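Undergrad: Quick note: the sequence shown uses the numbering used here, first residue 4, plus one each step. Sending over a structure as structure tokens; questions will come in a sec.
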Amino acid sequence: MNVLEVKDLTTGYGKTTVVRGVSLSVGPGMVIGIIGPNGAGKTTLIRSILGYVRPWSGRVMYRGVDITGLPAHKISKLGIGYVPERGGILRSLTVWENVELALRTSEHGEDRLSEVTKIFRIIDERRNQLARTLSGGEQRMLSIATAILTAKDLMILDEPSAGLAPLMRRKLAEALRDIRERFGMSLVIAEQDPTLVLELADTVYVIEMGSIVRSGKPQEVVKVDVLREHYLGM
Ligand code: ATP
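Below, the structure written as structure tokens:
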């Protein structure tokens, strides 16, 4: 059974349609990439899956259960981890207080903590540092670490590599690979810059103006894009 199944999802704001009939599926332990330019609707799609934006039509199924239109707090309790583009941590708390908070709301947290601490060294090294004094990349790492502690088997990450320096990006790619291998976690990664997604994903969906215009294995999707650019100048 797929972990996540999105069927013909349409939504938007006011009278403006932003996501147009999007369908995608995420199998157990799979990494799915959603790539598309600025304003294509990636964040809106993610937020409508997670219950922050109400779907107008279509279906969202999590492990065979219909979660369409459920409020965000209920969806998060079911065990879908969310790493938003910004935030996702409590900046006025220390690194360790953020971790403790995640452990308190999670069934699997304690079992995963030692592995998560190995992957994300800042948990030990910066234990008592206030989260707001971490660099942007370190804050992102903390946000991902706490999401793994609370998630059951699926994490959705919105632009995790945005604004990261190359070294931090490398660390992020390694961390995401580890998360999948050690916890069998399925990942949905939305990115404007396709680098990370092309490296990690099993299937890539390309979204433009709210619609999926292509999907397939990373190499296939890239090939089409290169050809399009070369011959059609698009
Ligand atoms: P980016 O890569 O720049 O983050 P994105 O692909 O995530 O873009 P969205 O943030 O989903 O795209 O935005 C899609 C469209 O929806 C944009 O035109 C944006 O202005 C609009 N939009 C997003 N949030 C709202 C909102 N709360 N109210 C009204 N319009 C919104």
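Each residue gets a CB set at the ideal place from its N, CA and C atoms; glycine is no exception. Predicted model only: the values in this text are computed from it and were never measured.
Considering only heavy atoms of the ligand ATP, does any lie closer than 8 Å to the CB of Pro58?
TA: no
Undergrad: Can you tell me the Cβ-Cβ gap for Asp211 and Pro40, rounded? I've got them flagged as a contact below 8 Å.
TA: The sequence shown places Glu at residue 211, not Asp. With 8 Å as the limit, Glu211 and Pro40 qualify as a contact, their Cβ atoms being about 7 Å apart.
Undergrad: By the 10 Å Cβ neighbour count, where 16 or more other Cβ atoms means buried, how is Pro163 classified, buried or exposed?
TA: Burial call: buried.
Undergrad: With DSSP collapsed to three states, give me the class of Lys45.
TA: Here Lys45 sits in helix by DSSP.
Undergrad: Select from Arg50, Leu104 and Leu93 the residue whose C-alpha is nearest the C-alpha of Thr153.
TA: Looking at the Cα atoms, Leu104 is the closest of the given residues.
Undergrad: Going along the chain, which residues of its own chain have a beta-carbon closer than 7 Å to the beta-carbon of Gly166, five neighbours each way excluded?
TA: Gly139
Undergrad: Under the DSSP definition of a beta bridge, which residues are partnered with Glu8?
TA: Ser28 and Met64
Undergrad: Any heavy atom of the ligand ATP closer than 8 Å to the CB of Ile52?
TA: False, no ligand heavy atom lies under 8 Å from that Cβ.
Undergrad: Rounded to the nearest angstrom, how far is the Cβ of Ser218 from that of Val200, given a contact under 8 Å?
TA: Contact annotation, Ser218 with Val200: C-beta distance approximately 12 Å; criterion of less than 8 Å not satisfied.
Undergrad: State the DSSP-derived secondary structure class of Arg129, mapped to helix, strand or coil.
TA: Looking at Arg129 - three-state DSSP - the assignment turns out to be coil, as it is neither helix nor strand.
Undergrad: Suppose contacts are defined by Cβ-Cβ distances below 9 Å. Is Asp11 in contact with Ser60 by that definition?
TA: Contact flag set, yes.
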